[in-house]
Amino acid sequence: MDKTLALPLVAMGNVPQIAIQLAVDFRKDQLAKTTIYSTYQYPFVGPDLSVGEASNRVIGKRKDLARPLHLYRGHGGTSEPRVDYLQLHSPIIPGCESLFIKELVKLIEHEQYTKIIVFDAKDRGLWHGENATLVEERILHWGNQTLSGLHLDDDDDHDVADTRRGKGGDSEELPSVNDTNPFVRFLVNMLPETEIDYYAVSVYDGWNMDAAYALLDAARLPVERVAERDAFEPTPGVYV
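Using UniProt numbering, read the sequence shown as starting at 1 and increasing by one per residue.
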């Protein structure tokens, strides 16, 4: 059975984390939560809240706690693949990225995932060339064909041109924003046979619920609009 793992990078506005949490909230009754322990993340503990609860600062009596890393295992039906979600509640310690990813690769291989979806967020102030054609509004998508060009050594700091997969499968050069995240480089190096889809959304700092929904829509992951955006207040981030 095909199995997909969706995971966020710790990025601007915590948008990737919000996207994963929205997907988890939508399917919470169908997911089994497991805490994953890693020595390569900053310590964190807090109440395990849905996006709606956190946004409205509603903290009720509950026993569950959120820790730096959780795996939510789902189950696929006869007509759809299984999708699991990895949630990062705290950043990876600088300098430990490759060590963390080696742990992650072991998990991916143990769980036998056939596809990895990575969510990222970039500073819209650095996003040049607004006439570029995007997969969805403000979304850039790199698939396996483009990512295969990122086979770099772990300590290689050379620039990588930003490209995306065109409709015909050809790569179309886009204006440079930043290098593709080093996290993705390591992942591609270590999992050359695994299908990897990387989605980046451009945002300004602040409340970006729509951007989180855009990531999920681009990756075709099911989610429910939990409330109108205007009803929410900004969620405290991992750096606040």
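By construction, the Cβ of each residue, glycine as well, lies at the ideal position given by its N, Cα and C atoms.
Item, Value
"To the nearest angstrom, report how far apart Trp142 and Ala19 are at their CA atoms.", "18 Å"
"Pro8 bridges to which residues according to DSSP?", "Phe119"
"Report buried or exposed for His75, applying the criterion of at least 16 other Cβ atoms within 10 angstroms of its Cβ.", "exposed"
"Just the C-alpha distance for Asn208 and Pro16, rounded to the nearest angstrom, thanks.", "10 Å"
"Of the residues His70, Pro192 and Ala219, which one's Cα is nearest the Cα of Tyr85?", "His70"
"Around the Cβ of Tyr42, are there at least 16 other Cβ atoms within 10 angstroms (buried) or fewer (exposed)?", "exposed"
"Examine the Cβ distances between the region 179 to 191 and the region 30 to 37 and report whether three or more of them are shorter than 8 Å.", "no"
"Would you tell me roughly how many angstroms separate the C-alpha atoms of Ala212 and Ala218, rounded to the nearest one?", "10 Å"
"Taking only three categories from DSSP, how would you classify His158?", "Its pLDDT being 30, under 50, His158 is placed unreliably by the model, and the measurement read from it follows with that caveat. Looking at His158 - three-state DSSP - the assignment turns out to be coil, as it is neither helix nor strand."
"Going by beta-carbon coordinates alone, are Val223 and Ala23 separated by less than 7 Å?", "yes"
"What are the start and end residues of the beta strand (DSSP E) that includes His141?", "Ile139 to Trp142"
"In three-state DSSP terms, what is Ile18?", "helix"
"Would you give the residue range spanned by the alpha helix (DSSP H) that His110 belongs to?", "Glu97 to Glu111"
"Quick one, are the C-beta atoms of Glu103 and Ser38 less than 7 Å apart?", "yes"
"Could you give the distance in angstroms between the alpha-carbon of Gly125 and the alpha-carbon of Ile93?", "26 Å"
"Starting from the Cα of Thr35, find the closest Cα among Arg82, Val45 and Leu215 and give me that residue.", "Val45"
"If you draw a straight line from the C-alpha of Asn14 to the C-alpha of Leu221, how long is it?", "18 Å"
"Can you tell me the Cβ-Cβ gap for Leu107 and Ala200, rounded? I've got them flagged as a contact below 8 Å.", "Between Ala200 and Leu107 the Cβ distance is about 23 Å, and since that is not below 8 Å, they are no contact."
"Whole angstroms is fine: what's the gap from Pro81's alpha carbon to Asp2's?", "5 Å"
"Relative to the alpha-carbon of Glu5, which residue among Met12, Tyr198 and Val203 has its alpha-carbon at the smallest distance?", "Looking at the sequence provided, one finds Leu at residue 5 rather than Glu. Cα-wise, what sits closest to Leu5 is Tyr198."
"Starting from Val201, follow the beta strand (DSSP E) in both directions and report where the run begins and ends.", "Glu195 to Val203"
"With a threshold of 7 Å on Cβ separation, who are the neighbours of Leu216 within its own chain once the five nearest residues in sequence on each side are excluded?", "Ala19, Leu22, Ala23 and Val223"
"Just to confirm my understanding: we take Phe26, look at its own chain, exclude 5 residues before and 5 after, and list those with CB closer than 7 Å. What are they?", "Pro222, Val223 and Glu224"
"On the CB-based measure, 16 or more other CB atoms within 10 Å of its CB, does Asp205 come out buried or exposed?", "exposed"
"Tyr213 lies in the alpha helix (DSSP H); which residues open and close that run?", "Met209 to Ala219"
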